[in-house]
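Just below is one structure, and these are the notes that go with it.
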């Protein structure tokens, strides 16, 4: 059975330079197609899943699309020995965990817009927390919209597109109405207990500050517990038809709020901040540090930071328990074998690395890299982690192909299905992450490319600084090699990769400098 997709126009806002570069890049990928690259944009309508005739149409798979806000790779399956995350760990063992998956921009709104459209930030012209992607690409067909157009029931519970947290909880946020048949916006006890929250930085709102609460009551009273409950009800009521269900958890976004029992899993005495050499910051350009985190640890004493760290991990375990409820529900409903599960975070998150960086907005590994797990019960590669470099814009074409749907022509990512079949498949890839800073009256664009060995980063095309890290010997990015002569040729090659995928300077597109 073929599932037709209406043609739409490419964004008129993409610059000619980027369009030309991407066309050249697609031609290059075609040349190296033997290495497993799957190109997008070849056709508009989906190809039949089998030759015409009397053969039955393949069963249409459900998609359980789980987004976790601000979740870094602080999970047991990613090697974090502190983390108590048995349910996500079990999903990783049953499906495929991508150990080197990178977001396009480590900030909630632009990252989610890229995931759900499959387009890079420079394609969408979305860099801040305010701009809706339809202002620049009004004809975009989002991933859930693609499924909706082809007969799936699509629903959202919680945060899939961007919300302001906690102020936006219980609202639609920057939602996309044409993506969904039904939306549910739970609002739990955590929104009523805000007066009880400890704010370590009283001059900043709890949405941005290191802030936390060991809450009284049960999981089911919290917003994320209600999200899981409502998602289970939707799976129950729509189990007889194919569905695409977006389930978005708000934690571990600040404020770090979880039931007290989860805090007790992480005694303060077991908490410790990441190691960094005494001279770690001396070879890092000032632009590399997020504009909202210029002081190490926000100037807070270590005991306060350890409390924040405890609270973050408590939220991770709390969300893990809600994911476990969803996975148990699939088994109880008898639909586990016809449901694809995708779990992702919008970006990574710093927990004190590099002498006290917290949260996101950086181009170092902890901020750019984020969890990505895919379980397809039909997948021959299940049970094996994949160490190839992949991007979050690859999620769209991957999920579409797994369900026999053709992505639109202007999706920038490529399908990961070859890796799902065999995670050791040769894979020519490099991930590009970028971030826009307000600067001191002059905006600064940072862009970074990650290969299997190297990370190369430049700020305003190199004018505001460059960074080069060798992950073979320096996985924590402590030694910046950019000024060493023996690496000049390598940097030129890595910069060419950047030029194909991201613009070097701040955009002319309007943006809100207070919301970067």
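In this note's numbering, the protein residues as written are 1142 to 1657. C-beta: ideal position from N, C-alpha, C; glycine also.
Buried or exposed by the 16-neighbour rule on C-beta atoms within 10 Å, applied to residue i
i: residue 1457; result: buried
i: residue 1314; result: buried
i: residue 1416; result: exposed
i: residue 1320; result: buried
i: residue 1539; result: buried
i: residue 1240; result: buried
i: residue 1300; result: buried
i: residue 1501; result: buried
i: residue 1272; result: buried
i: residue 1626; result: exposed
i: residue 1614; result: exposed
i: residue 1266; result: buried
i: residue 1671; result: Outside the shown range of the chain (1142 to 1657) lies residue 1671, about which nothing can therefore be said.
i: residue 1507; result: buried
i: residue 1519; result: exposed
i: residue 1357; result: exposed
i: residue 1609; result: buried
i: residue 1411; result: exposed
i: residue 1511; result: buried
i: residue 1634; result: exposed
Simplified DSSP state of residue i, which is helix, strand or coil
i: residue 1648; result: coil
i: residue 1459; result: helix
i: residue 1527; result: strand
i: residue 1671; result: With the chain covering 1142 to 1657 only, the question about residue 1671 has no answer from this structure.
i: residue 1215; result: coil
i: residue 1540; result: helix
i: residue 1493; result: strand
i: residue 1424; result: helix
i: residue 1452; result: helix
i: residue 1355; result: strand
i: residue 1301; result: coil
i: residue 1664; result: Outside the displayed range of the chain (1142 to 1657) lies residue 1664, so it cannot be described from this structure.
i: residue 1229; result: helix
Spatial distance of residue i from residue j (CA atoms)
i: residue 1331; j: residue 1401; result: 12 Å
i: residue 1329; j: residue 1365; result: 8 Å
i: residue 1245; j: residue 1255; result: 7 Å
i: residue 1544; j: residue 1516; result: 13 Å
i: residue 1654; j: residue 1269; result: 8 Å
i: residue 1485; j: residue 1644; result: 26 Å
i: residue 1493; j: residue 1453; result: 12 Å
i: residue 1570; j: residue 1637; result: 13 Å
i: residue 1316; j: residue 1291; result: 20 Å
i: residue 1274; j: residue 1283; result: 10 Å
i: residue 1263; j: residue 1408; result: 43 Å
i: residue 1566; j: residue 1612; result: 21 Å
i: residue 1575; j: residue 1488; result: 12 Å
i: residue 1470; j: residue 1287; result: 25 Å
i: residue 1440; j: residue 1345; result: 13 Å
i: residue 1581; j: residue 1351; result: 24 Å
i: residue 1277; j: residue 1326; result: 26 Å
i: residue 1228; j: residue 1603; result: 43 Å
i: residue 1597; j: residue 1503; result: 13 Å
i: residue 1180; j: residue 1467; result: Bear in mind that the predicted position of residue 1180 carries a pLDDT of just 25, short of 50, making it too unreliable to give a figure here.
i: residue 1541; j: residue 1202; result: 11 Å
i: residue 1656; j: residue 1579; result: 9 Å
i: residue 1217; j: residue 1649; result: 42 Å
i: residue 1525; j: residue 1225; result: 21 Å
i: residue 1499; j: residue 1434; result: 7 Å
i: residue 1720; j: residue 1361; result: Residue coverage of the chain in this structure runs from 1142 to 1657, which leaves residue 1720 outside it and unanswerable.
i: residue 1647; j: residue 1424; result: 24 Å
Proximal residues to residue i (C-beta, below 7 Å), its chain only, five neighbours per side dropped
i: residue 1443; result: 1414
i: residue 1200; result: 1479
i: residue 1354; result: 1334, 1337, 1338, 1339, 1396, 1398
i: residue 1247; result: 1488, 1489, 1501, 1502, 1503, 1508, 1509, 1574, 1576
Close Cβ partners of residue i (< 6 Å) along its chain, the five nearest in sequence each way excluded
i: residue 1211; result: 1393, 1394, 1490
i: residue 1289; result: 1295
i: residue 1572; result: 1243, 1530, 1532, 1591
i: residue 1138; result: Outside the shown range of the chain (1142 to 1657) lies residue 1138, about which nothing can therefore be said.
i: residue 1297; result: 1321, 1324, 1387
i: residue 1513; result: 1239, 1242, 1485
i: residue 1438; result: 1446, 1497
i: residue 1403; result: 1455, 1458, 1459
Own chain, CB closer than 8 Å to residue i, minus 5 neighbours either side, in chain order
i: residue 1418; result: 1619
i: residue 1312; result: 1304, 1326
Three-pair Cβ contact test at 8 Å for the segment 1336 to 1347 versus the segment 1437 to 1452
yes
Count Cβ pairs between the segment 1455 to 1475 and the segment 1366 to 1373 that sit closer than 8 Å; are there 3 or more?
yes
If you pair each beta-carbon of the segment 1632 to 1648 with each one of the segment 1587 to 1595, do three or more pairs fall below 8 Å?
yes
Does the segment 1248 to 1266 come close enough to the segment 1552 to 1561 to have 3 or more Cβ pairs within less than 8 Å?
yes
Inter-stretch contact (C-beta, 8 Å, three-pair minimum) for the segment 1466 to 1477 and the segment 1560 to 1569
no
Just checking, does the segment 1428 to 1439 make contact with the segment 1377 to 1386 on the three C-beta pairs under 8 Å criterion?
no
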